[in-house]
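*Asks:* I have a structure I would like to understand better, so I am pasting it below and will then ask my questions one at a time.
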Amino acid sequence: MSEFTGTFGGGFDAKKGRISVPAPFRAILSRQGAEDIILRKSRHLPCIEVWSKPDYMAEVNARVAGLSKLSAEYQSIMRKLVGRIHTLHPDTEGRVVMPRELAEAVGLGGELQFAGRGAYFEIWSAEAYAAEEARLDAEDEGGDV
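Okay, so the sequence shown: first residue is 1 according to UniProt numbering, each after it adds one.
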């Protein structure tokens with residue numbers, strides 16, 4: 001299992017639609033032998049989740065284990081988790097062309113933040129990430145984390 005930790009800045013080349021995966025995250029993918037990455041729009045936050053393909057498919061397979069491939073539940077899960085993803089192959093510099101619909105859905109442009117989340121990492125617009133961090137900080141003011 002991958003351990004993506006930390007937060008790294010980066011840029012989005014809107015003209016070419018290209019991003020570069022930060023070196024620490026590329027190193028994790030390399031150690032894992034993951035040649036392909038899975039990108040999907042987060043269902044909870046205005047960001048893109050990035051998984052190594054082996055880890056993502058293991059999560060999907062765990063979700064559908066024991067279900068008949070003909071069942072409505074299996075088909076619904078697969079439609080959501082496999083039908084709505086983008087599989088990309090970074091070049092030797094860790095660059096990928098971001099699918100336009102993903103970039104537009106979360107408002108990517110200019111400066112980015114790559115945030116580790118353990119098993120995967122997220123790609124945020126720098127503005128949306130700052131707003132989410134401010135929201136979390138405001139929640140934390142009243143309690144201990």
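For each residue, glycine too, the CB sits at the ideal point set by N, CA and C.
Remember, it's a predicted structure, so these values are computed and weren't measured experimentally.
(1) If we call anything under 9 Å between Cβ atoms a contact, is VAL106 one with ALA128?
(2) Check whether the Cβ atoms of PHE8 and ILE28 sit closer than 9 Å, and answer yes or no.
(3) Pick helix, strand or coil for SER125, following the three-state DSSP scheme.
(4) Starting from LEU112, follow its DSSP beta bridges and name the residues at the other end.
(5) Measure the C-alpha to C-alpha separation of PHE114 and LYS80 and round it to an integer number of angstroms.
(6) Determine the DSSP secondary structure at ILE85, reduced to helix, strand or coil.
(7) Tell me whether SER30 is buried or exposed, calling it buried when 16 or more other Cβ atoms sit within 10 Å of its Cβ.
(8) Flag this pair as touching only if the stretch 120-127 and the stretch 86-95 have three or more C-beta atom pairs under 8 Å; answer yes or no.
(9) Using only alpha-carbon positions, find the residue among VAL96, GLU59, THR92 that is nearest to ARG78.
(10) Is the stretch 89-103 close to the stretch 8-28, with three or more CB pairs under 8 Å?
(11) In or out: ASP55 buried (at least 16 other Cβ within 10 Å) or exposed?
(12) With distance defined between alpha-carbon atoms, name the residue in GLN32, LEU136, ARG63 nearest to TRP51.
(13) Buried or exposed for GLU49, going by 16 or more other Cβ atoms inside 10 Å?
(14) Exposed or buried, which one is LEU108 when buried takes at least 16 other CB atoms within 10 Å?
*Replies:* Reading off the structure:
(1) yes
(2) no
(3) strand
(4) GLY10, SER125
(5) 24 Å
(6) coil
(7) exposed
(8) no
(9) Contrary to the premise, residue 78 reads as Met rather than Arg in this sequence. When each option's Cα is compared against that of MET78, the closest is GLU59.
(10) yes
(11) buried
(12) GLN32
(13) buried
(14) buried
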